[in-house]
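For the sequence shown, position 28 matches number 31 in this note's numbering, and the numbering has no gaps at all. Yeah, the Cβ is synthetic: ideal placement off N, Cα and C, and Gly gets one too. Read through the structure below, which is laid out as structure tokens, and then see the notes.
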Amino acid sequence: MPHSCRISRNSIFLAIAILCASLLVAQKAQETHRPIYDVNTEIKMKGIVEEVKLPPKGSEKEIAHLLVRTGPDTVDVYLCPKSFLDDMGVSFGKGDEIALTGSKIKWGESDLILAREVVKGTDTLVLRDAKGNPVWS
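Okay, structure coming up:
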């Protein structure tokens, strides 16, 4: 086999290896990347809590979220770390009527809302400032 063919094959194998490594790094980055609040997609809505999704015990720094029914639709609403809810003395339950302001974003294949402010009864839970920056960090 001519020397030039070996170099071409080696170059191709090296390029494939670099491509595979890049794809793995990009996939890992997306797994650890958190959704970003976008003030341009901010909405206000009212709904009824269908389900409260809390992180498992020992993972209180993970995000708590709610499945909220708004008419015929159900939306996934990301709140804040469970530990912040505990610090604020706030809890949610199935059937709670809430009003919220948040950023509607696309995350992977799903639509979700990153809550900035949630009102339950006479209580208002502020989760983010006007620019969408989390108040818990």
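Secondary structure of K107 (DSSP, three-state): strand.
Bounds of the beta strand (DSSP E) holding K47 are E45 to K56. Shown here, L128 sits in a strand according to DSSP, grouped into three states. In the DSSP assignment, D76 falls within the unbroken beta strand (DSSP E) covering D76 to P84.
For a cut-off of 8 Å, the C-beta gap from E63 to D89 is around 7 Å, short enough to register as a contact. Comparing C-alpha distances from P75 to each of K85, L128, E53 and K47 shows the shortest one belongs to E53. About 7 Å separates the Cβ atoms of S106 and V42, confirming a contact at the 8 Å cut-off. In the DSSP assignment, R119 falls within the unbroken beta strand (DSSP E) covering S113 to K123.
Following the DSSP letters along the chain, one finds H68 inside the beta strand (DSSP E) bounded by residues I66 to T73. In terms of Cβ geometry, L115 and V121 do not form a close pair [threshold 8 Å].
Per DSSP, I39 has no beta-bridge partner at all.
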